[in-house]
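Heads up, the thing below is written out as structure tokens.
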Amino acid sequence: MEKFTTHTGRAVPLRRSNVDTDQIIPAHWLKKVTRTGFEDGLFEAWRKDSEFILNQPERQGASVLVAGPEFGTGSSREHAVWALQNYGFQAVISSRFADIFRGNSLKNGLLTVLLPQETVDQLWALTEADPTAEITVDLETREVRAEGVTASFELDDNVRWRLLNGLDDISITLRNEGDIAEFEATRPSFKPRTLPVL
Amino acid sequence: MGRTLAEKVWDDHVVRRAEGEPDLLYIDLHLLHEVTSPQAFDGLRLAGRKVRRTDLTIATEDHNTPTLDIDKPIADPVSRVQLETLRANAAEFGVRIHSLGDVEQGVVHVVGPQLGLTQPGTTVVCGDSHTSTHGAFGALAFGIGTSQVEHVLATQTLPLAPFKTMAITVEGELPEGVTAKDLILAIITRIGTGGGQGYVLEYRGSAIRSLSMEARMTICNMSIEAGARAGMIAPDRTTFDYLEGRPHAPQGADWDAAVEYWSTLATDEDAVFDAEVVIDATQLTPFVTWGTNPGQGAPLGANVPDPASFADPSERVAAENALKYMGLEAGTPLREVKVDAVFVGSCTNGRIEDLRAAAAVVEGRTIAEGVRMLVVPGSVRVALQAIEEGLDKVFTAAGAEWRHAGCSMCLGMNPDQLAPGERCASTSNRNFEGRQGKGGRTHLVSPQVAAATALLGRLAAPADLSSDVAVEV
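From first to last, the protein sequence lines stand for chains A and B.
Just add 3 to the spot in the first sequence (first one is 1) and you have the working numbering.
Just add 1 to the spot in the second sequence (first one is 1) and you have the working numbering.
The structure is reproduced here in structure tokens:
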């Protein structure tokens, strides 16, 4: 995973609630067996509408998505995170994220930032009025900064440490191999096994 | 202080607990399917890792599989590659797999329980949000992303953030014609698509205790539609009776030890939930969705709501967008909404009890002209049972299509899709825009409502079928 320390970029204000993962990346894209190449599938149905915000020339190259509440509801597809990253987003700001989507994003270095809806409203107003306005998402100081806005955000210390250092979970867990083996030795014999029943 | 069911299962799986770190939890059962696993296996290969516990891992093919001509090569080359990738990965890493054509193949959340692999007090994960289904057995079961799939394959554990607990207490008896599906749709409308966020829900109360395992699975399946981490139901005699004798259920002394352990899992009387919702089962009626998220639902007897009636501005806008997408006018009685298609199946309602319920409604009748009805069993075993009971003939005699097992039109990754603008009454779990095919419009319903809707060509409950309908062909 790439390290995330701080990022500054232009924004896409997405004034919609309940943006589900089927909208972020439709199911037919999930047939791919790679983690890359999902950028054209991002918000595919909405992008057919020329008025859709992502299609506006002044939004090209934007890297911070400012979304409505309940962003990422629905399926567990990590492809939704890959699609946002493949397209060029580095951070998503919302007042509420679905749990699985949030977990997936933080495991891939896409920083999902929780801010109060009033702050999201401010960021929408700012970036709608001025498409060149930049937003800084600073993980070191846990702050989001933009013109007229300075807002601190919460993020679990352990998650933040992993992101700042670009550490992957599996190698961290494998350091505790002894604990896993010890636990396995105590599992009751009635626990299910998938081995074929003869 | 006492503990809840969820807390007990969690505590029994903590491999490592340390200050400032998330708990590391052991995973008892890891289910795989073709869509969310290929990148995880790639990760293992890149790092030179193997699957730690192949004996706790099992794969099925379900999302991409066609429901027609299953003996022929899969027509869509991209789907074919994905299925072949799963087969190759299973072979390379030594994972048991049930491929298309195998008698144990089917939707992953139907297969686990029917094999007896899903057991009370276990932790169950799968790269699929509807893993919450398995909570019906008193398992702590949740959907994970592909990074976590790789993590479980490599370590059989997951670092997990703590959860909160919410009791959903449903007292009283469900009225005649009101099903588990109606109940869970009503619950989601009540608490909203984000209402369960951060919580493990525990469904309890007399109405829940009286439900069959199939019905309990329908309820837990849709916990994710309320945004919950998981949904659970305390194991009881109904659970044990369902499991006893299944291929992977414990046997002999192990069975006795297991039942003894399982009987300790119910929430203690003095346990405290972080939140509670109380529902009066006796007040419920058949429930359907009108919008584009599962929280946008209403009783079948209601009208399409007026967006202006929503106090919350973001809900109002969501309702306006939903009505536009769904092609509905505020104030239209839901019973007057005509459909083009009916889908019976999915991990929500693709089990034998669901097919029996739908068949009982259509038996001896004919579906409305111009309506296409697809019946897709949740697994090959469900299909075989249905055929043995003659249900396939009941469906085909009524004019429905009887298909092969899989996820099918629930998400349209295979050829079973709605055309743009088509409207479907579906027993599945998501009514998102385009979920069942680009531009398709979905109303979530119970199997009984799906069947009655197919007969009348408009949203309807079995109670709407007057005797003259039977001869109206």
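Ideal placement from N, C-alpha and C gives every residue a C-beta, glycine not left out.
Values in this document were obtained by computation on a predicted structure and should not be read as measured data.
Among the candidates R99(A), P72(A), N111(A), W85(A), whose CA atom is the shortest distance from the CA of R38(A)?
As a working mapping, residue 38(A) is identified with position 35 in the first sequence. Measuring from the Cα of R38(A), the nearest candidate turns out to be W85(A).
Under the assumption that P314(B) contacts A331(B) (Cβ atoms under 8 Å), give the Cβ distance between them as a whole number of angstroms.
Residue numbering aside, residue 314(B) sits at position 313 when the second sequence is read from its first letter. Residue numbering aside, residue 331(B) sits at position 330 when the second sequence is read from its first letter. About 17 Å; that fails the 8 Å criterion.
7 Å Cβ cutoff met for A70(A) and V95(A):
As a working mapping, residue 70(A) is identified with position 67 in the first sequence. As a working mapping, residue 95(A) is identified with position 92 in the first sequence. Yes, the Cβ-Cβ distance between A70(A) and V95(A) is below 7 Å.
Between A272(B) and C221(B), is the Cβ-Cβ spacing less than 7 Å?
On the second sequence, position 271 is the one that residue 272(B) refers to. On the second sequence, position 220 is the one that residue 221(B) refers to. Not a contact, by the Cβ cut-off of 7 Å.
With a cut-off of 8 Å on the beta carbons, I'd call A101(A) and G144(B) a contact; round off their distance for me.
Translated into the one-based positions of the first sequence, residue 101(A) becomes position 98. Translated into the one-based positions of the second sequence, residue 144(B) becomes position 143. That pair is no contact at about 11 Å.
I'd like the span of the alpha helix (DSSP H) that includes A231(B), first residue to last.
As a first step, residue 231(B) must be located in the second sequence, where it is residue number 230. That residue, A231(B), is in no alpha helix (DSSP H); its beta strand (DSSP E) goes 231–233.
Name, please, each residue of chain A whose Cβ falls closer than 7 Å to the Cβ of Y27(B).
As a position in the second sequence, residue 27(B) is number 26, starting the count at 1. F186, listed in chain order.
Taking only three categories from DSSP, how would you classify I280(B)?
In the second sequence, the residue the question calls residue 280(B) occupies position 279. In the structure shown, I280(B) sits in a strand (DSSP, three-state: E or B).
Residue range of the beta strand (DSSP E) that includes M327(B):
One-based indexing of the second sequence puts residue 327(B) at position 326. Per DSSP, M327(B) belongs to no beta strand (DSSP E); it is in the alpha helix (DSSP H), 314–327.
Between the stretch 39–57 of chain B and the stretch 147–160 of chain B, are three or more C-beta pairs nearer than 8 Å?
yes
Using 8 Å as the threshold, is the stretch 121–137 of chain B in touch with the stretch 82–92 of chain B, meaning 3 or more CB pairs across them?
no
Using 7 Å as the threshold, is the C-beta distance between T58(B) and T268(B) below it?
Within the second sequence, the letter at position 57 stands for residue 58(B). Within the second sequence, the letter at position 267 stands for residue 268(B). Not closer than 7 Å, so no.
Using a Cβ-Cβ distance under 7 Å, would E73(A) count as near chain B?
The residue given as residue 73(A) occupies position 70 in the first sequence. Output row for E73(A): interface = yes.
If you draw a straight line from the alpha carbon of C411(B) to that of T180(B), how long is it in whole angstroms?
Start at 1 with the first residue of the second sequence, and residue 411(B) comes out as number 410. Start at 1 with the first residue of the second sequence, and residue 180(B) comes out as number 179. Near 20 Å, if we compare the C-alpha coordinates of T180(B) and C411(B).
What does F433(B) touch in chain A if you count any residue whose Cβ is under 8 Å from its own?
Your numbering for residue 433(B) matches position 432 in the second sequence. Per Cβ cutoff of 8 Å: D23, D25, Q26, G77.
Smallest Cα separation from G44(A): which of N179(A), N89(A), A65(A), A149(A)?
As a position in the first sequence, residue 44(A) is number 41, starting the count at 1. Selected option, being the one with the closest Cα: N89(A).
Can you list the residues of chain A that I59(B) reaches, using a CB-CB cut of under 7 Å?
Counted from its first residue, the second sequence places residue 59(B) at position 58. Correct list: T197.
Can you grab the Cα-Cα spacing for the pair L26(B) / P74(B), in whole Å?
Reading the second sequence from its first residue, position 25 is the one you call residue 26(B). Reading the second sequence from its first residue, position 73 is the one you call residue 74(B). Roughly 41 Å separates the two Cα atoms.
Does the Cβ of W164(A) have 16 or more other Cβ atoms within 10 Å, making it buried, or fewer, making it exposed?
Mapped onto the first sequence, residue 164(A) falls at position 161. Per the 10 Å Cβ criterion, exposed.
If you drop the 5 nearest sequence neighbours on each side, which residues of the same chain put their C-beta closer than 7 Å to that of V472(B)?
If you number the second sequence from 1, residue 472(B) lands on position 471. In this predicted model, V472(B) has a pLDDT of only 39, less than 50, meaning its place in the structure is not dependable enough to derive any value.
Which runs of the alpha helix (DSSP H), 4 residues or longer, sit entirely within the stretch 321–404 of chain B?
347–350, 353–363, 381–389, 392–399
Burial state of M2(B) (16 or more Cβ within 10 Å)
For the purposes of this step, residue 2(B) is taken as residue 1 along the second sequence, with counting starting at 1. Exposed is the call here.
Interface flag, N222(B) vs chain A, CB-CB below 7 Å
As a position in the second sequence, residue 222(B) is number 221, starting the count at 1. Not one chain A Cβ lies under 7 Å of N222(B).
Using only the alpha-carbon positions, how far apart do F41(A) and I28(A) sit?
Locating residue 41(A) in the first sequence gives position 38, counting from the first residue. Locating residue 28(A) in the first sequence gives position 25, counting from the first residue. Cα-Cα distance, rounded: 8 Å.
Cβ-Cβ distance between P16(A) and T130(A) below 7 Å:
Translated into the one-based positions of the first sequence, residue 16(A) becomes position 13. Translated into the one-based positions of the first sequence, residue 130(A) becomes position 127. Yes, the pair counts as a contact, with Cβ atoms nearer than the cut-off.
Can you name, in chain order, every residue of its own chain whose Cβ lies under 7 Å from the Cβ of G21(B), other than the five neighbours on each side?
One-based indexing of the second sequence puts residue 21(B) at position 20. Excluding positions up to five away in sequence, the list is empty.
Which chain B residues are close to R13(A), counting only those with a beta carbon under 8 Å from its beta carbon?
Your numbering for residue 13(A) matches position 10 in the first sequence. What R13(A) touches in chain B: nothing, since even the nearest Cβ is about 24 Å away.
Give a yes or no on whether the C-beta atoms belonging to A462(B) and V446(B) are separated by under 7 Å.
The count along the second sequence starts at 1 and reaches residue 462(B) at position 461. The count along the second sequence starts at 1 and reaches residue 446(B) at position 445. No.
Under 8 Å by Cβ, that's how I've got E121(A) and T11(A) pegged, so tell me the actual separation to the nearest angstrom.
The residue given as residue 121(A) occupies position 118 in the first sequence. The residue given as residue 11(A) occupies position 8 in the first sequence. Rounded to whole angstroms, the Cβ separation of E121(A) and T11(A) is 22 Å, and the two are not in contact under 8 Å.
Please confirm whether A319(B) has its beta-carbon closer than 7 Å to some beta-carbon of chain A.
Your numbering for residue 319(B) matches position 318 in the second sequence. It does; some Cβ of chain A falls within 7 Å.
Would you say F7(A) lies against chain B (beta-carbon separation less than 7 Å)?
Walking along the first sequence from the start, residue 7(A) turns up at place 4. No, because no Cβ of chain B sits closer than 7 Å to the Cβ of F7(A).
Terminal residues of the continuous alpha helix (DSSP H) containing G106(A)?
As a working note, residue 106(A) is residue 103 in the first sequence. DSSP places G106(A) in the uninterrupted alpha helix (DSSP H) bounded by 102–111.
Other residues of its chain near V345(B): CB distance less than 6 Å, five sequence neighbours each side excluded:
Locating residue 345(B) in the second sequence gives position 344, counting from the first residue. Correct list, in chain order: A359, V376, T428, P448, A451.
Shortest alpha-carbon distance to L161(B) belongs to which of D172(A), S155(A), E157(A), N168(A)?
Position 160 of the second sequence holds residue 161(B). Comparing Cα positions, the closest option is D172(A).
Sequence-distant residues of the same chain with beta carbon closer than 7 Å to Y262(B), five excluded per side:
Position 261 of the second sequence, counted from the first residue, corresponds to residue 262(B). Cβ neighbours of Y262(B) beyond the five flanking positions: G122.
Under 8 Å by beta carbon: chain A residues contacting G152(B)
Along the second sequence, one-based indexing puts residue 152(B) at 151. The question names Gly, but residue 152(B) is His in the sequence shown. Those within 8 Å of H152(B) in chain A are D172, I173, T176.
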